[in-house]
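**Student:** Below is the structure I would like to discuss, written out as structure tokens.
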Amino acid sequence: QDGVSTYEHISRLLAQCCKASVVDALRVRLFRLSLSGSALSWFSSLPYGSINSWADLEKQFHSYFYSGVHEMKLSDLTVIKQRHDEPMHEYIQRFREMRNKCFSLSLTDAQLANLAFQGMIAPIREKFSSKDFDSLSYLIQKVTLHEHRSVEARKCSKKVNHVCPYIYGSDDDEDDSEIATAEWVRSKNVISCQWVKRSGKEERYDFDINKADKIFDLLLREKQIQLPAGHIIPSAEELGKKRYCKWHNSGSHMTNDCKVFRRQIQAAIEGGKIKFDDSKRPMKVDGNPFPVNMVHTAGRTADGGRVRGFRMNSAKIINKYQRKYNKQ
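In terms of the working numbering, the sequence shown opens at residue 1 and continues consecutively.
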């Protein structure tokens, strides 16, 4: 009745009968109570002695009513897809309902989990593409935890001044975690940073992108960003030559290459949280810093000759101080 197949009807009956379903005689009696309409009329019209066991009753019931129209196939299961705005638990519910209608379909737990995974939205498939799921329950557990973290991260983004990429986004570094694990702290303090550049139209960023790693350390040291529990930055010895992003706590890329963190720094500069460090202003070198009478020179100087010794000595002094500055 109501579009339910004979197989599904019996499955529901046995589930409701619990311990009573063990005894065939009780099954037959309870089966009659589960019928209505044409099915009840059919059962009442059965000849006396035509049913000798539960197996006979089940066989005749399927033979009379089951046409195969309501049974779904593998192709029907594979077309079940998660909608973009559909929560994962609703998608899994639809998937399970379709699976229950595939009575003749024989699949292992891993195969069933893989079918459900292939029907999920693209960002989820990309996120877990390298993982194998042994069962549907394990798949649900992992994806549910992933969604829960996304919701919590979006809540935190309203309280803490940091950008938390949408978990289903697929933009470069955001595929990694994942979520930006380091967080900005609400503070009015302005941090001086020697790696911030003076703003200019020709520059995409107002800081040296090759110093993003050092900027992270500076912000963390000045307590402008904070790390969540469990986020421990490995030492240089532990990392060796391995890639590691301090912002994402991820090994997929370097901090200096993290586009998300670059945008975070740029936003902080434009918002006035980080400024150019005037104390690290490049040294001005006078074009003629030393009078002739203060530098020992070789050759003639008073008669207007070429003061080659003077030029060589002054150039050495200038280069000496320039190298000293560059090392700072």
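Every residue, glycine too, gets a C-beta built ideally from N, C-alpha and C.
In or out: A153 buried (at least 16 other Cβ within 10 Å) or exposed?
**Tutor:** In the sequence shown, counting from the first residue as 1, residue 153 sits at position 153. So A153 counts as buried.
**Student:** When DSSP labels each residue in this structure, what does I80 get in the three-state scheme?
**Tutor:** By one-based count along the sequence shown, residue 80 stands at place 80. It is coil, neither helix nor strand.
**Student:** In terms of residue numbering, what span does the beta strand (DSSP E) encompassing S192 cover?
**Tutor:** The residue labelled residue 192 in the question sits at position 192 within the sequence shown. First-last of the beta strand (DSSP E) with S192: 191-193.
**Student:** In terms of residue numbering, what span does the beta strand (DSSP E) encompassing K73 cover?
**Tutor:** The residue you call residue 73 lines up with position 73 of the sequence shown. K73 -> no beta strand (DSSP E), and no H or E assigned at all.
**Student:** Using only the alpha-carbon positions, how far apart do I155 and E237 sit?
**Tutor:** As a working mapping, residue 155 is identified with position 155 in the sequence shown. As a working mapping, residue 237 is identified with position 237 in the sequence shown. Note that residue 155 is Lys in the sequence shown, not Ile. K155 and E237: Cα-Cα distance of roughly 36 Å.
**Student:** Quick one: what's got a C-beta closer than 6 Å to V190's C-beta in the same chain, skipping five residues either side?
**Tutor:** Position 190 of the sequence shown, counted from the first residue, corresponds to residue 190. If we look at V190 and ignore the five residues flanking it on each side, its Cβ neighbours are K275.
**Student:** If you reduce the DSSP assignment to three classes, tell me which class Q224 lands in.
**Tutor:** Along the sequence shown, read from residue 1 onward, the residue named residue 224 stands at position 224. Three-state DSSP puts Q224 in coil, outside helix and strand.
**Student:** Just the Cα atoms here: how many angstroms apart are L77 and R83?
**Tutor:** As a first step, residue 77 is located in the sequence shown; it is residue number 77 there, counting from the start. As a first step, residue 83 is located in the sequence shown; it is residue number 83 there, counting from the start. One C-alpha to the other measures close to 15 Å.
**Student:** So, under 8 Å CB-CB, D382 and A116 are touching, yes? Tell me the CB distance rounded to an integer number of Å.
**Tutor:** Because the chain in this structure spans residues 1 to 328, residue 382 falls outside the shown range and cannot be described.
**Student:** Would you say I124 and V143 are within 8 Å of each other, going by their C-beta atoms?
**Tutor:** Position 124 of the sequence shown, counted from the start, is the residue given in the question as residue 124. Position 143 of the sequence shown, counted from the start, is the residue given in the question as residue 143. I124 is a Cβ neighbour of V143, given a cutoff of 8 Å.
**Student:** So for C17, helix, strand or coil by DSSP?
**Tutor:** As a first step, residue 17 must be located in the sequence shown, where it is residue number 17. Residue state, collapsed to three classes: helix.
**Student:** Starting from F43, trace the alpha helix (DSSP H) in both directions and tell me its first and last residue.
**Tutor:** In the sequence shown, counting from the first residue as 1, residue 43 sits at position 43. Where F43 is concerned, the enclosing alpha helix (DSSP H) stretches over 37-44.
**Student:** List the whole-angstrom C-beta distance separating V28 from L57, where the pair is believed to meet the contact cut-off of C-beta under 8 Å.
**Tutor:** Residue numbering aside, residue 28 sits at position 28 when the sequence shown is read from its first letter. Residue numbering aside, residue 57 sits at position 57 when the sequence shown is read from its first letter. The pair is a contact, with the Cβ atoms about 6 Å apart (cut-off 8 Å).
**Student:** Give the single residue among A122, G49, I215, S45 whose Cα lies nearest to the Cα of D277.
**Tutor:** Taking the sequence shown and counting its residues from 1, one reaches residue 277 at position 277. Ranking the options by Cα distance to D277, first place goes to I215.
**Student:** In whole angstroms, give me the CA-to-CA distance for S170 and S129.
**Tutor:** Here residue 170 refers to the residue found at position 170 when the sequence shown is read from its first residue. Here residue 129 refers to the residue found at position 129 when the sequence shown is read from its first residue. Its pLDDT being 40, under 50, S170 is placed unreliably by the model, and the measurement read from it follows with that caveat. For S170 and S129, the distance between alpha carbons rounds to 13 Å.
**Student:** On the criterion of 16 or more Cβ atoms from any shown chain inside 10 Å, does H253 qualify as buried, or is it exposed?
**Tutor:** To locate residue 253, count along the sequence shown from 1; it is residue 253. Answer is buried; the Cβ neighbour count reaches 16.
**Student:** Give me the DSSP bridge partner(s) of V196.
**Tutor:** Locating residue 196 in the sequence shown gives position 196, counting from the first residue. BP columns for V196 point to F207.
**Student:** So, for N100: in the same chain, excluding its five sequence neighbours on each side, which residues have a beta-carbon less than 7 Å away from its beta-carbon?
**Tutor:** Position 100 of the sequence shown, counting from 1, holds the residue named residue 100. E8, listed in sequence order.
**Student:** Looking only at its chain, what residues have a beta carbon closer than 7 Å to the beta carbon of M72, apart from the 5 residues adjacent to it on each side?
**Tutor:** Translated into the one-based positions of the sequence shown, residue 72 becomes position 72. M98, K101, C102, listed in sequence order.
**Student:** Which term fits N52, buried or exposed, when burial requires 16 or more other beta carbons within 10 angstroms of its beta carbon?
**Tutor:** Taking the sequence shown and counting its residues from 1, one reaches residue 52 at position 52. Counting Cβ neighbours within 10 Å, N52 comes out exposed, since fewer than 16 surround it.
**Student:** How is F276 classed by DSSP in three states: helix, strand or coil?
**Tutor:** Numbered from its first residue, the sequence shown carries residue 276 at position 276. In the structure shown, F276 sits in a strand (DSSP, three-state: E or B).
**Student:** Between the Cα of C258 and the Cα atoms of A267, Q118, W247, which residue gives the shortest distance?
**Tutor:** One-based indexing of the sequence shown puts residue 258 at position 258. If we check each option's Cα against that of C258, W247 comes out closest.
**Student:** In whole angstroms, give me the CA-to-CA distance for K354 and D213.
**Tutor:** Since the first residue shown for the chain is 1 and the last is 328, residue 354 is missing from the structure and cannot be characterised.
**Student:** Would you report the Cα separation of R262 and R204, rounded to the nearest angstrom?
**Tutor:** On the sequence shown, position 262 is the one that residue 262 refers to. On the sequence shown, position 204 is the one that residue 204 refers to. When rounded, the distance between both Cα atoms is 10 Å.
**Student:** Leaving out five residues before and five after I233 in sequence, what residues of the same chain have Cβ atoms less than 7 Å from its Cβ?
**Tutor:** As a working mapping, residue 233 is identified with position 233 in the sequence shown. Annotation for I233: K246 place their beta carbon closer than 7 Å to its own, counting only its chain and skipping 5 residues before and after.
**Student:** Going straight from the alpha carbon of Q111 to that of M120, what length do you get?
**Tutor:** As a position in the sequence shown, residue 111 is number 111, starting the count at 1. As a position in the sequence shown, residue 120 is number 120, starting the count at 1. Each residue's Cα considered, the two are about 15 Å apart.
**Student:** Taking DSSP as the reference, what is the three-state secondary structure of S11?
**Tutor:** As a position in the sequence shown, residue 11 is number 11, starting the count at 1. Looking at S11 - three-state DSSP - the assignment turns out to be helix.
**Student:** Which residues mark the beginning and the end of the alpha helix (DSSP H) in which R32 is found?
**Tutor:** Working through the sequence shown from its first residue, we reach residue 32 at position 32. Start and end: 24-33.
**Student:** Could you work out which residue in S235, W195, A229, P228 is closest to L218 when comparing CA atoms only?
**Tutor:** For the purposes of this step, residue 218 is identified with residue 218 of the sequence shown, where counting begins at 1. The residue with the shortest Cα to Cα distance from L218 is W195.
**Student:** Taking the continuous alpha helix (DSSP H) assigned at E97, which residues delimit it?
**Tutor:** Here residue 97 refers to the residue found at position 97 when the sequence shown is read from its first residue. Residues 88-100.
**Student:** In whole angstroms, what is the alpha-carbon distance linking K241 and V260?
**Tutor:** Along the sequence shown, read from residue 1 onward, the residue named residue 241 stands at position 241. Along the sequence shown, read from residue 1 onward, the residue named residue 260 stands at position 260. About 22 Å.
**Student:** Quick one: is E18 buried, meaning 16 or more other Cβ sit within 10 Å of its Cβ, or exposed?
**Tutor:** Here residue 18 refers to the residue found at position 18 of the sequence shown. The sequence given here places Cys at residue 18; Glu does not occur at that position. Flag for C18 reads exposed.
**Student:** Around the Cβ of K223, are there at least 16 other Cβ atoms within 10 angstroms (buried) or fewer (exposed)?
**Tutor:** Position 223 of the sequence shown, counted from the start, is the residue given in the question as residue 223. Exposed: under 16 other Cβ atoms inside 10 Å.
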